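Residue numbers (my numbering): 18 to 499.
C-beta: ideal position from N, C-alpha, C; glycine also.
For clarity, every value in this text was computed on a predicted model and none was experimentally measured.
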Amino acid sequence: MNETMLTPKSVFECFAQVNKVPRPSKREEKMIEFLLEYGKGLGLETRRDETGNVIIRKPATPGMESKPTVVLQSHMDMVCEKNADREFDFDKDAIETYIDGEWMKAKGTTLGADDGIGVAMEMAILADNTLKHGPLECVFTRDEETGLTGAEGMQSDFMTGQYLINLDSEDEGEMFVSCAGGCRTTATFHYEDQPAPSGQFFVSLCIKGLTGGHSGDDIDKKRANANKLLARFLYMEQKKMPVLIADIQAGGLHNAIPREARATIAIPVSMKETIRVDWNLFAADVEEEYRVTEPTMEFLLETADATPTVVDSQTGQRLITALQGVFNGVFAMSQDIALVETSTNLASIHMVPERKTIEINSSQRSSLLSARHNVADTFAAIFQLAGAETETGEGYPGWKPNPDSHLLKVTVAQYKRLFGKEPIVRGIHAGLECGLFSEKYPALDMVSFGPTLRGVHSPDEKLLIPTVQMVWDHLLAILENI
Ligand SMILES: [Zn+2]
């Protein structure tokens, strides 16, 4: 495939324009300006709200005035990741794309098809006066990728449509009808510095090379959580010997399954050999338990430099016990579809000597608000028992499936007519902007789909070119027939 074979031509031309405009999450000023110019340039009613979301309204085409108003919605920001050897300034430089077989990719950076291809489709529809559709509202939200703050900041009178098609899904042929809401829960231990007793052996433990993944979408894939593995070993050893914590730094982003965990501990010199033997046995057990999902796990144990102080023994012991006791992973499956309903992820554990605290971050997800409250309380309660302070954030809402959705009926019927097969109708165990819309616009009938993307949020991001034409045809058929 080469440049001239990219169809629909109008969509790929718009995508090329989008890729010239810098649009990192939370720094979308240039993109907002670009979209405002674009709408005004077409002579269409165009405005932005205080948050920075943009709406461009296009009237119905002749004869279609009685159709209901449909909102088409994509997020304007993109995840900015690049390979270490690629020099690139996401605040200035244009994304450079190339074609590799049936895929479009970017040179050493994220492609930004998440969700730039959705933006491009909307732009192409706005500019094309040969199409048949009722009144349209093309909406471009900002900052989906780092907190859904665009959708969150949107006022409930910004959009007026009855139906909304979100173009931010990544598997052609899959129609999304629900998503999970989420919240974060933190636990904070306050410790005292305790002088390290004499006759201690300091050892640093590291578990790394885990598969990791998204804390929602990948939570049911039986991947190991590095933080839980580390806690499990410390708890086992704590039954045999006093374990004093000199440092603990484990996990990272709140929405990722942790791939790496480290701790430096002090134990009696007499237990030096015992811990080495236990560590090796533990590694062998865990490798067997995760034989399939964690082929590249590494367990490292090294002698460490002694520190003058350690975490007071009572706090350290309570921390280890709570980390062992806290539930992690899939909490409940959905009663309606084969999907995780409720889950929790122990995301990070960080000792912060300046504050004399050990801070634990976690996230909980569910399509049901009450179930999410329950799992967040389950997480918090165990840390409260251990003497930590806990706090659960307000979170963001989920999107419950609507069995009576008219939009879904039209979406499925048009897909079958065009492609001669049933689309997959499913939910996702992660947040979508639709969750926030469902809270602000309770009557809004929504569906989410889009062309196939792989490797999103990484420099391996790629777009399956033929699926753009399929989604385009499907989208136009829905607009014509709703
Ligand atoms: Zn996206």
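Practice prompt. Work out the CA separation of methionine 121 and isoleucine 49 for me, nearest whole Å.
Written response: Near 25 Å, if we compare the C-alpha coordinates of methionine 121 and isoleucine 49.
Item to complete: Measure the CB-CB distance between threonine 484 and glutamate 189 and report whether it falls below 7 Å.
Response: Pairing threonine 484 with glutamate 189 gives a Cβ-Cβ distance under 7 Å.
Practice prompt. With a floor of 3 residues, list each beta strand (DSSP E) that falls wholly inside the stretch 245-328, ordered by position along the chain.
Written response: Runs of beta strand (DSSP E) with 3 or more residues, each lying fully within the stretch 245-328, are found at 261-268, 278-285, 315-320, 326-328, listed in chain order.
Worksheet item: What is the DSSP secondary structure of cysteine 451, reduced to helix, strand or coil?
Response: Helix, per DSSP.
Practice prompt. Decide if the stretch 299-317 is in contact with the stretch 180-195; the criterion is three or more beta carbon pairs, one per stretch, under 8 Å apart.
Written response: The stretch 299-317, when compared against the stretch 180-195, does not touch it at the 8 Å Cβ threshold.
Fill in: In DSSP terms, what methionine 95 is bridged to
Looking at the DSSP assignment, methionine 95 forms a beta bridge with Pro41.
Worksheet entry | Proximity of glutamate 154 and valine 88 at Cβ, strictly below 7 Å | Valine 88 sits close to glutamate 154, with the two beta carbons spaced by under 7 Å.
Worksheet entry | Close-in-space but distant-in-sequence residues of the same chain around aspartate 237 (CB under 6 Å, 5 per side omitted) | Cβ neighbours of aspartate 237 within its own chain (closer than 6 Å, five residues either side excluded): Val347, Val357.
Practice prompt. Pick helix, strand or coil for aspartate 235, following the three-state DSSP scheme.
Written response: Three-state DSSP puts aspartate 235 in coil, outside helix and strand.
Worksheet item: When every heavy atom of ligand 1 is checked, does at least one fall within less than 6 Å of the C-beta of aspartate 132?
Response: For aspartate 132, the shortest C-beta to heavy atom distance toward ligand 1 is below 6 Å.
Practice prompt. Compare the beta carbon distance of alanine 339 and isoleucine 262 with 7 Å and say whether it is the shorter of the two.
Written response: For alanine 339 and isoleucine 262, no; Cβs fall outside 7 Å.
Worksheet item: Can we count aspartate 185 as close to ligand 1, meaning its CB is less than 6 Å from some heavy atom?
Response: It does: the Cβ of aspartate 185 is within 6 Å (strictly closer) of some heavy atom of ligand 1.
Worksheet entry | Whole-angstrom distance between glycine 216 and threonine 409, CA atom to CA atom | One alpha carbon belongs to threonine 409, the other to glycine 216, and they sit about 41 Å apart.
Practice prompt. Tell me whether tyrosine 208 sits in a helix, a strand or coil according to DSSP, three-state version.
Written response: Residue state, collapsed to three classes: coil.
Worksheet item: Who does arginine 471 pair with in a DSSP beta bridge?
Response: DSSP, once it has assigned bridges, lists Lys479 as partnering arginine 471.
Item to complete: Return the chain-ordered list of same chain residues with a C-beta closer than 6 Å to the C-beta of glutamate 209, the five sequence neighbours on each side being excluded.
Response: Excluding positions up to five away in sequence, the list reads Asp329.
Discussion item. If you reduce the DSSP assignment to three classes, tell me which class arginine 335 lands in.
Written reply: DSSP places arginine 335 in the helix class (H, G or I) of the three-state scheme.
Worksheet item: Relative to the alpha-carbon of threonine 324, which residue among Ile284, Gln334, Met18 has its alpha-carbon at the smallest distance?
Response: By alpha-carbon distance to threonine 324, the top candidate from Ile284, Gln334, Met18 is Ile284.
Fill in: Minimum C-alpha distance to threonine 228 - residue among Asn242, Phe219, Leu246
Comparing Cα-Cα distances from threonine 228 to each of Asn242, Phe219, Leu246, the minimum goes to Asn242.
Discussion item. Only counting the same chain, and skipping five residues up and downstream in sequence, which positions put a Cβ closer than 8 Å to that of glutamate 3?
Written reply: Beyond the ends of the chain as shown, which are 18 and 499, falls residue 3; an answer cannot be given.
Worksheet item: Can you tell which of Ile499, Gly268, Ala494, Leu480 has its C-alpha closest to the C-alpha of leucine 23?
Response: Taking only the C-alpha atoms, the option nearest leucine 23 is Leu480.
Practice prompt. Assign proline 172 to buried or exposed, taking buried as 16 or more other Cβ atoms, counted over all protein chains shown, within 10 Å of its Cβ.
Written response: Looking at the sequence provided, one finds glutamine at residue 172 rather than proline. Label assigned to glutamine 172: exposed.
Discussion item. Would you call the stretch 469-479 in contact with the stretch 117-136, where contact means no fewer than 3 C-beta pairs closer than 8 Å?
Written reply: Between the stretch 469-479 and the stretch 117-136, the count of C-beta pairs closer than 8 Å reaches three or more; the two stretches touch.
Fill in: Where the beta strand (DSSP E) through isoleucine 445 begins and ends
In the DSSP assignment, isoleucine 445 falls within the beta strand (DSSP E) that extends over 441-445.
Worksheet item: So what's aspartate 462 in DSSP terms, helix, strand or just coil?
Response: When secondary structure is reduced to three states using DSSP, aspartate 462 falls in the strand class.
Discussion item. Using CA atoms only, rank isn't needed, just tell me which of Val35, Ala213, Arg279, Leu270 is closest to serine 221.
Written reply: The residue from Val35, Ala213, Arg279, Leu270 with its alpha-carbon nearest to that of serine 221 is Arg279.
Worksheet item: Does the separation of the CB atoms of asparagine 36 and alanine 101 fall below 7 Å?
Response: Not a contact, by the Cβ cut-off of 7 Å.
Worksheet item: In its own chain, which residues sit with a C-beta less than 8 Å from the C-beta of aspartate 145, not counting the 5 before and 5 after it?
Response: Around aspartate 145: Ser27.
Practice prompt. Using the Cα positions of leucine 246 and glutamine 211, report the straight-line distance between them to the nearest angstrom.
Written response: Rounded to the nearest angstrom, the two C-alpha atoms are 26 Å apart.
Fill in: Range of the contiguous beta strand (DSSP E) that encloses methionine 350
In the DSSP annotation of this structure, the continuous segment of the beta strand (DSSP E) that includes methionine 350 starts and ends at 346-350.
Worksheet item: In chain order, what residues of the same chain lie with their CB nearer than 8 Å to the CB of valine 427, ignoring the 5 residues before and after it?
Response: Scanning its chain for C-beta atoms nearer than 8 Å, with the 5 sequence neighbours on each side dropped, one finds around valine 427 the residues Ile495, Asn498, Ile499, in chain order.
Discussion item. Relative to the C-alpha of threonine 374, which candidate in Leu402, Ser384, Gly333 has its C-alpha closest?
Written reply: Nearest option by C-alpha distance: Gly333.
Item to complete: Compare the C-alpha of leucine 435 against each of Leu493, Tyr180, Pro420, Met463 and name the closest.
Response: Closest in alpha carbon position to leucine 435, among Leu493, Tyr180, Pro420, Met463, is Leu493.
Worksheet item: Apart from the five residues on each side of it in sequence, which residues of its chain come closer than 6 Å, Cβ to Cβ, to leucine 270?
Response: Sequence-distant Cβ neighbours of leucine 270 in its own chain, meaning closer than 6 Å and more than five residues away, do not exist here.
Worksheet item: Which word fits methionine 18, buried or exposed, when buried means at least 16 other C-beta atoms lie within 10 angstroms of its C-beta?
Response: Residue burial annotation: methionine 18 is exposed, with fewer than 16 other C-beta atoms found within 10 angstroms of its C-beta.
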